[in-house]
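Asks:
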Amino acid sequence: MDRRAVLGGLVAVVPGGSAFAAARAQAWPGGARGAVSLSYDDGLSSQYEHAAPALRVRGLKASFFLTLDNMQDRVAEWRAVAAQGHELGNHTVHHYCGLPQTHPERFVQREVLDAQTRLEAMFGPQPKILAYPCGVTDLGPGPPNDQLHRYVGLLREAGFIAARTSDGPPMSPHYAREHRFDLNATAPTYETGSLSEALDYLDMAVARGRWANLVFHGLGPTRLESGDTANAVHEAILDAILKRPLWCAPIGQVLAHLGVGSASS
Ligand SMILES: [Zn+2]
Numbered sequence: 001m002d003r004r005a006v007l008g009g010l011v012a013v014v015p016g017g018s019a020f021a022a023a024r025a026q027a028w029p030g031g032a033r034g035a036v037s038l039s040y041d042d043g044l045s046s047q048y049e050h051a052a053p054a055l056r057v058r059g060l061k062a063s064f065f066l067t068l069d070n071m072q073d074r075v076a077e078w079r080a081v082a083a084q085g086h087e088l089g090n091h092t093v094h095h096y097c098g099l100p101q102t103h104p105e106r107f108v109q110r111e112v113l114d115a116q117t118r119l120e121a122m123f124g125p126q127p128k129i130l131a132y133p134c135g136v137t138d139l140g141p142g143p144p145n146d147q148l149h150r151y152v153g154l155l156r157e158a159g160f161i162a163a164r165t166s167d168g169p170p171m172s173p174h175y176a177r178e179h180r181f182d183l184n185a186t187a188p189t190y191e192t193g194s195l196s197e198a199l200d201y202l203d204m205a206v207a208r209g210r211w212a213n214l215v216f217h218g219l220g221p222t223r224l225e226s227g228d229t230a231n232a233v234h235e236a237i238l239d240a241i242l243k244r245p246l247w248c249a250p251i252g253q254v255l256a257h258l259g260v261g262s263a264s265s
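If you're matching positions, the sequence shown starts at 1 in our numbering and goes up one per residue.
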């Protein structure tokens, strides 16, 4: 039953009651209590070999952020990934991470815009979303806030709608709209390769009605090095998503649901 308070003849719904919980649930489609997006960064062959089939059998769609250097000899394979309904996002041409030393405009032109032009030539229109290589946003000289502001300004000018970092907790819809060029994410298996960090992150999204972004890199039968995820762990994470009341969709689709669909929105 709603917790209500009578205030000067008006009935107010008190946050924390079931009406608040119901409103929060309506934030996500189908009555889901949270959302999750899966990112696969760097354009690695192990992703279409291992991640795409695991997603397909479970009916899940994801965002693959391609680094052109890594995938340009495998266009046919990535076209097949796109044909399965996944989004192909921008992870630059060369994956440079030393941005304070670069010329900002030249960097964005050569690394981000050239990558976008080539991606769209290969795969058709895709949501203009960047995954910052190494999660680095300190473009050009100055303090961090100025660097991010400069980077975001150049991305907005170029028609980008959002950009994803590699750090931070699940986001509320309001936070994601306000910080669309600084979207939180986590790479839950990067350091340890274990399942528990991903499950905790998903549970936090469900408990708080938030949007979780999980990032993966290399995949394979076994974890060979830091950053890799063993197939069994990756598939256990996908199964954990299916068991929870989470809406799983690519980043561009979640943003569209939140009303972020163009550079000006
Ligand atoms: Zn990367």
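All C-beta atoms in this analysis are idealised placements derived from N, C-alpha and C, irrespective of residue type, glycine included.
In this structure, how does DSSP classify threonine 189 when only helix, strand and coil are distinguished?
Replies: Three-state DSSP puts threonine 189 in coil, outside helix and strand.
Asks: Are the CB atoms of isoleucine 251 and aspartate 87 within a distance shorter than 8 angstroms?
Replies: A quick correction: the sequence has glutamate, not aspartate, at residue 87. Yes.
Asks: So for serine 45, helix, strand or coil by DSSP?
Replies: Three-state result, serine 45: helix.
Asks: For ligand 1, which residues count as neighbours when the test is a C-beta closer than 6 angstroms to any heavy atom?
Replies: Any residue whose Cβ sits closer than 6 angstroms to a heavy atom of ligand 1 makes the list: Asp41, Asp42, His91, His95 and Pro133.
Asks: With DSSP as the reference, label isoleucine 237 as helix, strand or coil.
Replies: If DSSP states are grouped into helix, strand and coil, isoleucine 237 belongs with the helices.
Asks: Report, in whole angstroms, the separation of the C-beta atoms of glycine 193 and serine 166, which I expect to be a contact under 8 angstroms.
Replies: Not confirmed; about 17 angstroms, so no contact.
Asks: Between the region 222 to 237 and the region 181 to 201, are three or more C-beta pairs nearer than 8 angstroms?
Replies: With the cut-off at 8 angstroms, the region 222 to 237 and the region 181 to 201 touch.
Asks: Whole angstroms are fine: how far does the CA of alanine 232 sit from the CA of lysine 243?
Replies: Lysine 243 and alanine 232: Cα-Cα distance of roughly 16 angstroms.
Asks: Does any residue of chain B bring its CB to less than 8 angstroms from the CB of threonine 117?
Replies: Annotation note: the requested chain B is absent from the structure, which comprises a single protein chain.
Asks: Is histidine 95 near threonine 67, with beta carbons less than 8 angstroms apart?
Replies: For histidine 95 and threonine 67, yes; Cβs fall inside 8 angstroms.
Asks: Quick one: using the 10 Å Cβ neighbour count with 16 as the cut-off for buried, is arginine 180 buried or exposed?
Replies: Result: buried.
Asks: Quick one: which unbroken beta strand (DSSP E) runs of 3-plus residues sit fully inside the region 202 to 228? Chain order, please.
Replies: Entirely contained in the region 202 to 228, the beta strand (DSSP E) runs reaching 3 residues are, in chain order, 211 to 216.
Asks: When the Cβ atoms of the region 37 to 48 are set against those of the region 207 to 216, are three or more pairs found closer than 8 angstroms?
Replies: A contact exists between the region 37 to 48 and the region 207 to 216.
Asks: For the region 120 to 138 against the region 156 to 170, are there 3 or more C-beta pairs whose distance is under 8 angstroms?
Replies: With a cut-off of 8 angstroms, the region 156 to 170 and the region 120 to 138 count as touching, because enough Cβ pairs lie within range.
Asks: Measuring alpha carbon to alpha carbon, tell me which of Trp28, Val206 and Val112 ends up nearest alanine 163.
Replies: Answer by Cα proximity: Val112.
Asks: If I measure Cβ to Cβ from asparagine 182 and keep anything under 8 angstroms in the same chain, skipping five residues before and after, which residues do I get?
Replies: The sequence shown places aspartate at residue 182, rather than the asparagine named in the question. The residues are Thr137, Leu148, Val152, Ala163 and Thr165.
Asks: Are valine 93 and aspartate 69 closer than 8 angstroms when you measure CB to CB?
Replies: In this structure, aspartate 69 lies closer than 8 angstroms to valine 93 by Cβ.
Asks: Just list the beta strand (DSSP E) runs in the region 94 to 156, keeping only unbroken ones of 3 residues or longer that don't cross its boundaries, in chain order.
Replies: Listed in chain order, they are 129 to 131.
Asks: Going straight from the alpha carbon of glycine 34 to that of alanine 27, what length do you get?
Replies: Spanning the two alpha carbons is a distance of roughly 8 angstroms.
Asks: Can you tell me which residues form a DSSP beta bridge with serine 39?
Replies: Serine 39 pairs with Ser63 and Val215.
Asks: Would arginine 223 be called buried (16 or more neighbouring beta carbons within 10 Å of its own) or exposed?
Replies: Looking at its Cβ environment, which holds 16 or more other Cβ atoms inside 10 Å, arginine 223 is buried.
Asks: Does asparagine 184 come out as helix, strand or coil in the three-state DSSP assignment?
Replies: Three-state DSSP puts asparagine 184 in coil, outside helix and strand.
Asks: Looking at the secondary structure, which residues open and close the alpha helix (DSSP H) in which arginine 56 lies?
Replies: Its alpha helix (DSSP H) spans residues 52 to 58.
Asks: Can you tell me whether DSSP reads leucine 34 as helix, strand or coil?
Replies: Before going on, a small fix: residue 34 reads as glycine here, not leucine. Reduced to three states, the DSSP call for glycine 34 is strand.
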